[in-house]
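>
There are 2 protein chains.
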Amino acid sequence: MLLLVGIGLWDWKDASVRALEELKKCDVIFAEEYTSRMEEGTLAKLGKKINKKIIVLGREDVESGKKILAEAAKKKVALLTPGDPMIATTHIALVLEARKKKIQTKIIHASSIFTAAIGEAGLQIYKFGKTVTLPKWREKYRPTSTYDMVAENRARGLHTLLLLDLDEGMPMELVEALAIMERMEEEKKLGVFADDAHVVVLSRVGSGEQKVAYAQLIKLKTKKFGRPPYVLIIPGSMHFLEKEFVEGLRA
Amino acid sequence: MLLLVGIGLWDWKDASVRALEELKKCDVIFAEEYTSRMEEGTLAKLGKKINKKIIVLGREDVESGKKILAEAAKKKVALLTPGDPMIATTHIALVLEARKKKIQTKIIHASSIFTAAIGEAGLQIYKFGKTVTLPKWREKYRPTSTYDMVAENRARGLHTLLLLDLDEGMPMELVEALAIMERMEEEKKLGVFADDAHVVVLSRVGSGEQKVAYAQLIKLKTKKFGRPPYVLIIPGSMHFLEKEFVEGLRA
Numbered sequence: 015m016l017l018l019v020g021i022g023l024w025d026w027k028d029a030s031v032r033a034l035e036e037l038k039k040c041d042v043i044f045a046e047e048y049t050s051r052m053e054e055g056t057l058a059k060l061g062k063k064i065n066k067k068i069i070v071l072g073r074e075d076v077e078s079g080k081k082i083l084a085e086a087a088k089k090k091v092a093l094l095t096p097g098d099p100m101i102a103t104t105h106i107a108l109v110l111e112a113r114k115k116k117i118q119t120k121i122i123h124a125s126s127i128f129t130a131a132i133g134e135a136g137l138q139i140y141k142f143g144k145t146v147t148l149p150k151w152r153e154k155y156r157p158t159s160t161y162d163m164v165a166e167n168r169a170r171g172l173h174t175l176l177l178l179d180l181d182e183g184m185p186m187e188l189v190e191a192l193a194i195m196e197r198m199e200e201e202k203k204l205g206v207f208a209d210d211a212h213v214v215v216l217s218r219v220g221s222g223e224q225k226v227a228y229a230q231l232i233k234l235k236t237k238k239f240g241r242p243p244y245v246l247i248i249p250g251s252m253h254f255l256e257k258e259f260v261e262g263l264r265a
Numbered sequence: 015m016l017l018l019v020g021i022g023l024w025d026w027k028d029a030s031v032r033a034l035e036e037l038k039k040c041d042v043i044f045a046e047e048y049t050s051r052m053e054e055g056t057l058a059k060l061g062k063k064i065n066k067k068i069i070v071l072g073r074e075d076v077e078s079g080k081k082i083l084a085e086a087a088k089k090k091v092a093l094l095t096p097g098d099p100m101i102a103t104t105h106i107a108l109v110l111e112a113r114k115k116k117i118q119t120k121i122i123h124a125s126s127i128f129t130a131a132i133g134e135a136g137l138q139i140y141k142f143g144k145t146v147t148l149p150k151w152r153e154k155y156r157p158t159s160t161y162d163m164v165a166e167n168r169a170r171g172l173h174t175l176l177l178l179d180l181d182e183g184m185p186m187e188l189v190e191a192l193a194i195m196e197r198m199e200e201e202k203k204l205g206v207f208a209d210d211a212h213v214v215v216l217s218r219v220g221s222g223e224q225k226v227a228y229a230q231l232i233k234l235k236t237k238k239f240g241r242p243p244y245v246l247i248i249p250g251s252m253h254f255l256e257k258e259f260v261e262g263l264r265a
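Those protein sequences? They're chains A and B, same order as listed. Heads up, the first sequence is in my numbering, so the first residue is 15 and it goes up one at a time. Heads up, the second sequence is in my numbering, so the first residue is 15 and it goes up one at a time.
#1: Which residues, taken in chain order from the segment 57–82 of chain B, show a beta carbon closer than 7 Å to some beta carbon of chain D?
#2: Of the residues 250(B), 148(B) and 199(B), which one's Cα is nearest the Cα of residue 8(B)?
#3: For a contact defined as C-beta to C-beta under 8 Å, what are the partners of residue 159(B) on chain A?
#4: Taking the C-alpha atoms as reference points, what is the distance between residue 61(B) and residue 166(B)?
#5: Can you give me the C-alpha to C-alpha distance between residue 156(B) and residue 180(B), rounded to a whole angstrom?
#6: Judging by CA-CA distance, which residue of 147(A), 193(A) and 90(A) is the nearest neighbour of residue 236(A)?
#7: What three-state label does DSSP hand residue 9(B) in the structure shown?
#8: Given a threshold of 16 other Cβ atoms within 10 Å of its Cβ, counted over all protein chains shown, does residue 264(A) qualify as buried or as exposed?
#9: Residue 172(B) touches chain A at which residues, Cβ-Cβ below 8 Å?
#10: To the nearest angstrom, report how far apart residue 121(B) and residue 37(A) are at their CA atoms.
#11: Leaving out five residues on either side along the sequence, give the residues of the same chain with a beta carbon under 7 Å from the beta carbon of residue 29(B).
#12: For residue 140(B), return the contacting residues in chain A, with the cut-off set at a CB-CB distance below 8 Å.
#13: Which of the three DSSP states is assigned to residue 38(A) in this structure?
#14: Just the C-alpha distance for residue 212(B) and residue 119(A), rounded to the nearest angstrom, thanks.
#15: When you check each C-beta in the segment 228–254 of chain B against every C-beta of chain A, which residues fall closer than 9 Å?
#16: Considering just the uninterrupted stretch of the beta strand (DSSP E) at residue 92(A), what are its terminal residues?
#17: Could you give the C-beta distance for residue 205(A) and residue 170(A), rounded to a whole number, given that I count them as a contact under 8 Å?
#18: Let's see if you can read the secondary structure: which residues bound the alpha helix (DSSP H) around residue 147(B)?
#19: For residue 84(B), is the classification buried or exposed, using 16 other Cβ atoms within 10 angstroms of its Cβ as the cut-off for buried?
#20: Shorter than 9 Å from the beta carbon of residue 94(B) to some beta carbon of chain A?
#21: Taking a contact to mean a Cβ-Cβ separation below 9 Å, would you say residue 186(B) touches residue 150(B) in this structure?
#22: One question on the structure: do residue 43(A) and residue 108(A) come within less than 9 Å of each other, judged by their Cβ atoms?
#23: To test your reading of the DSSP string, which unbroken beta strand (DSSP E) runs of 3 or more residues are found completely within the segment 181–227 of chain B?
#24: Roughly how many angstroms lie between the CA atoms of residue 17(B) and residue 203(B), to the nearest whole one?
#25: Considering only residues of the same chain and omitting the five flanking positions on each side of residue 41(A), which have a CB-CB separation below 7 Å?
#26: Between residue 164(A) and the rest of its own chain, which residues show a CB-CB distance below 8 Å, the 5 nearest in sequence each way excluded?
#27: Straight-line CA distance for residue 188(B) to residue 197(B)?
#28: Considering Cα atoms alone, identify which of 27(B), 19(B) and 137(B) is closest to residue 220(B).
#29: Going straight from the alpha carbon of residue 24(B) to that of residue 243(B), what length do you get?
#30: Closer than 9 Å by beta-carbon distance: list the chain A residues that pair up with residue 134(B), in chain order.
#31: Name the chain B residues whose beta carbon is nearer than 7 Å to that of residue 2(A)?
#32: Inspect the CB distances between the segment 245–262 of chain A and the segment 55–74 of chain B and report whether three or more fall short of 8 Å.
#33: Suppose the cutoff is 8 Å on Cβ atoms and the five residues either side in sequence are ignored; what does the same chain contact list for residue 253(B) look like?
#34: Would you kindly check if the distance between the Cβ of residue 135(B) and the Cβ of residue 214(B) is under 9 Å?
Shown next, in the form of structure tokens:
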């Protein structure tokens, strides 16, 4: 049997009572920490709490799934993941592979940046369009589709949750994200990421250091704001209640 | 101080370690159960676990916020909510009101149907458009905007998470939802809810009785499928991995 167990937003205390209960019954516990970031020490503390050894797998082991599925064919195996499982394509592929091999699967859900960031910003989840990721720009890879997708949501009056790409498991710095957004704006010129465009920026959601602010992009460029990981929200048209809420977050 | 504490998807075991820890430190614990459904007995079991009295508030008390805020001005007060807090507009309004009164606020996040349903269906969260609610039809209130919004997502190749309206806190039966969808189709005739349209239907997500299936709408009409609450997903264009996953769920 294979359990995908979400640890939740930030550290081991974001795991649910059910998650701990299920983990205690597992024969083997694997973990991956490359699809999203977890607070340092999370796995060590969790392992201590449930009194079990947690084996951290590298990207290849999770992606190939071989090691995990070989164990899951015989034993009760858990794969711990940051946030709510199944947000990463790798998890979907792994569950699919397990089911093909007639291995029973179960997902233990947990808190996720998708609803948490939206909630902290006071925006209505029903007014969000497609979620978009801001990719890291490289010498020969400078995609601008992110811009088009935010523009499309905005044209429909919808908000956009803008996630920042991970680079080898490391979250993107805000300054880097803003620089990429600025260069997209220079190219596309629709005002979506113009200096006076307003965004909600959130840092370390769910942690004790969490910061949430509503500001013009230009202001973020000149100000230090929390520590990574970050997530941005580009509001579309706001209900007066949403407007009042974000104004209360103005930096 | 006011804490909004999410209980999570289904029952008290979906609450996080952090939620229990924070609740134990609260002077007053309120709960509301009208914005979404909780498994019966959840609050009683949770109260026993943390050894605290939980006061269930009616809709008016939560919406006016008076009682909650009067206590929160002096004491450490929690409002327990189903799922992840702040998905309901009432919670957003309450936090806003608290902040206006200079009452400190904190949100303890939890698992939510938004990411859980998407994960259980094996669909990619990045490919979802706007979330839509199917309203209950009444004698003189038969809105069809739900249909238009699903059609709009589909035209962009995006999936739609379709939530079913609550009626006085009671979840909608699947048969009622299907009947409303059928009548919308008769009116709009774009095929979005045609008999041969495929949907993912999920029942009691996160519970031991959870059911997930992929089926043509016509098949759901003639088959008993789990118990409420239900949630539906109308897939847009699917990646081959998504397609393979939902085919594995075919009813």
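Using N, Cα and C, we set each Cβ at its ideal position, and we do this for glycine too. Please read these numbers as outputs of a predicted model, since none were measured by experiment.
A quick look at the data gives this:
#1: Among the protein chains in the structure shown, which are A and B, there is no chain D.
#2: Because chain B is modelled from 15 through 265, residue 8(B) falls outside the range shown and cannot be assessed.
#3: Under the 8 Å cutoff, chain A gives no residues; its nearest Cβ is about 12 Å from residue 159(B).
#4: 44 Å
#5: 15 Å
#6: 193(A)
#7: Outside the shown range of chain B, which is 15 to 265, sits residue 9(B), and nothing can be said about it.
#8: exposed
#9: 144
#10: 26 Å
#11: 21, 22, 60 and 124
#12: 144, 145, 146 and 147
#13: helix
#14: 24 Å
#15: 253
#16: 91–95
#17: Contact doesn't hold; Cβ gap of about 16 Å is too wide.
#18: Note, residue 147(B): premise wrong, no alpha helix (DSSP H); beta strand (DSSP E) at 146–148.
#19: exposed
#20: no
#21: yes
#22: no
#23: 212–217
#24: 47 Å
#25: 89, 90 and 91
#26: 146, 174, 176, 206, 207 and 248
#27: 14 Å
#28: 27(B)
#29: 11 Å
#30: 100, 121 and 123
#31: Lying before the first or after the last residue shown, residue 2(A) is absent from chain A, which here runs from 15 to 265.
#32: no
#33: 138 and 141
#34: yes
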